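Asker:
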Amino acid sequence: MHFLKDRGYALPSSEVTPQATYHSRRDLLKLLATGAAGATLTAWAAREALAQTATARPNKLAALPGARSTIAGGMTMEKLTPYADLTSYNNFYEFGTDKSDPGQNAHTLKTRPWTVAIEGEVKKPKVYDIDELIKLSTLEERIYRLRCVEGWSMVIPWVGYSLAELIKRVEPTGNAKYIEFVTLADAKTMPYVGSRVLDWPYVEGLRIDEAMHPLALLAFGLYGEVLPNQNGAPVRAVVPWKYGFKSGKSIVKIRFTEKEPRTSWVKAGPGEYGFYSNVNPNVDHPRWSQATERRIGEDGLFQKKRPTLMFNGYEAQVGQLYAGMDLKKFF
Ligand code: MTE
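Residue numbers for the sequence shown follow this note's numbering, beginning at 73 and rising by one.
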């Protein structure tokens with residue numbers, strides 16, 4: 073970004089993958105043995121999953137045990153972005169503005185001890201230790217596209233649980249209309265905090281009904297392991313129908329508010345980045361089109377780009393949240 077210059081929520085059938093991904097041979101066989109994979113696990117998908125096993129990376133970071141796969145949907149059938157690509161092409165401005173900076177610099181981030189404070193319009197405010205937060209609900213694997221406003225995308229097997237699980241436990245009051253994610257701003261470990269590139273800490277927000285939508289994920293890992301630092305360890309949001317910048321990394325506070333939060337990118341460029349930031353091929357960024365995208369690790373710079381889908385392909389699941397809204401105005 074540069075301003076200067078499916079489980080009940082099944083995807084459209086063309087998008088749904090029956091478990092077409094990288095699960096280990098053992099997990100896959102287990103699923104087949106128990107029948108849990110059901111009718112959706114076609115021979116094609118099984119072949120596909122086994123093929124991807126060959127390229128699955130061995131554990132390098134700590135495994136996130138207990139992650140069960142979400143067989144029934146919310147997944148795309150596209151190829152997963154290789155681990156090497158999704159950890160070396162990042163936006164995490166606290167560690168620099170080049171795509172390669174976070175991968176090179178984020179080793180200084182200390183992810184323990186770590187707490188996440190729940191504040192504001194809730195009946196049960198609480199400071200969660202990260203290890204308590206991880207155990208709050210069942211971890212699931214969700215394969216979501218992440219589409220950046222800059223025009224690139226990735227397909228990532230995230231591990232986490234619906235943000236709604238946390239929200240329900242802290243009991244929002246009737247005044248809670250929005251939630252605000254506040255992320256770590258530690259100048260000692262984050263070399264660009266203090267630079268004028270953004271107003272720190274990095275802040276993002278959602279309307280409460282968006283945050284409660286089951287697709288909105290609180291993620292602790294990817295590829296079955298804890299999150300790499302550059303991808304937002306130890307906890308980040310993943311809101312797959314919105315541009316990537318809505319998915320705040322390294323969250324330390326979640327605040328429930330009555331007023332729409334002033335988010336970092338809206339402060340930086342209100343004419344360029346709106347609060348809603350829904351992926352929308354029909355509403356261009358003032359300086360470039362949003363109609364197409366380049367898949368990191370697959371599509372070369374000169375290759376024909378792929379079309380961007382409304383709400384990043386999740387229109388059937390989330391479209392009703394915006395019924396009657398002028399999405400050109402609320403961009
Ligand atoms: N969170 C923080 N704290 N700081 C950031 O600079 N960048 C956002 C988002 N979350 C950002 C952040 C942007 S612009 C994008 S596209 C995604 O993270 C990128 O996530 P990824 O690097 O894991 O692909």
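We put the beta carbon where it would ideally sit given N, CA and C, even for glycine. Quick caveat, the model's predicted, so the values are computed rather than measured.
Closer than 7 angstroms by C-beta to alanine 283: which residues in its own chain qualify, once you throw out the five before and the five after it? Chain order, please.
Answerer: Excluding sequence neighbours, alanine 283 sits near Leu235, Ile239 and Ile251.
Asker: Could I get the ranges of all uninterrupted alpha helix (DSSP H) runs contained in the region 276-343, with 4 residues as the minimum, in chain order?
Answerer: If we require 4 residues or more, the alpha helix (DSSP H) runs fully inside the region 276-343 come out as 280-284 and 336-340.
Asker: For lysine 240, report the span of its alpha helix (DSSP H) as first-last.
Answerer: First-last of the alpha helix (DSSP H) with lysine 240: 235-242.
Asker: With a Cβ-Cβ cutoff of 8 angstroms, do tyrosine 264 and phenylalanine 374 count as a contact?
Answerer: No, these two residues do not count as a Cβ contact at 8 angstroms.
Asker: Would you kindly work out how many angstroms separate the C-alpha atoms of proline 286 and alanine 388, rounded to a whole number?
Answerer: Approximately 13 angstroms, taken between the alpha carbons.
Asker: Is glutamate 166 close to ligand 1? I mean its beta-carbon at under 7 angstroms from any heavy atom of the ligand.
Answerer: Within the cutoff, so yes.
Asker: Closest to asparagine 350 by CA distance: which of Pro185, Ala178, Phe317 and Ser160 is it?
Answerer: Comparing Cα positions, the closest option is Phe317.
Asker: How is threonine 180 classed by DSSP in three states: helix, strand or coil?
Answerer: The answer is helix: DSSP assigns threonine 180 an H, G or I state.
Asker: Using a threshold of 8 angstroms, state whether the C-beta atoms of threonine 255 and lysine 321 are closer than that.
Answerer: Closer than 8 angstroms, so yes.
Asker: Based on Cα-Cα distance, which residue from Leu211, Arg367 and Pro185 lies nearest to tyrosine 200?
Answerer: Taking only the C-alpha atoms, the option nearest tyrosine 200 is Pro185.
Asker: Taking 6 angstroms as the limit between beta carbons, can you name the residues of its chain near proline 154, skipping five residues before and five after?
Answerer: Closer than 6 angstroms at Cβ, skipping near neighbours: Gly369.
Asker: If you measure between the beta carbons of valine 231 and threonine 169, is that distance less than 8 angstroms?
Answerer: No.
Asker: In the DSSP assignment, find the alpha helix (DSSP H) that holds valine 155 and state where it starts and stops.
Answerer: Note that residue 155 corresponds to tyrosine in the displayed sequence, not to valine. 155-158 is the extent of the alpha helix (DSSP H) around tyrosine 155.
Asker: Looking at the structure shown, is glutamate 193 part of a helix, part of a strand, or coil, going by DSSP?
Answerer: If DSSP states are grouped into helix, strand and coil, glutamate 193 belongs with coil.
Asker: Using three-state DSSP, classify alanine 363 as helix, strand or coil.
Answerer: In the structure shown, alanine 363 sits in coil (DSSP, three-state: anything other than H, G, I, E or B).
Asker: Could you have a look at proline 229 and say whether DSSP puts it in helix, strand or coil?
Answerer: The answer is strand: DSSP assigns proline 229 an E or B state.
Asker: Got a sec: does ligand 1 put a non-hydrogen atom nearer than 7 angstroms to the Cβ of asparagine 384?
Answerer: No, the Cβ of asparagine 384 stays beyond 7 angstroms of every heavy atom of ligand 1.
Asker: Quick check on the DSSP output: the alpha helix (DSSP H) that includes leucine 205 runs from which residue to which?
Answerer: Element bounds for leucine 205: 202-206.
Asker: Regarding glycine 24 and ligand 1, is the C-beta to nearest heavy atom distance less than 7 angstroms?
Answerer: No answer is possible for residue 24: it lies beyond the span of the chain, which begins at 73 and ends at 403.
Asker: Can you tell which of Asn163, Val355 and Glu332 has the C-alpha that lies nearest to the C-alpha of asparagine 177?
Answerer: Residue Asn163 is the option with its Cα nearest to asparagine 177.
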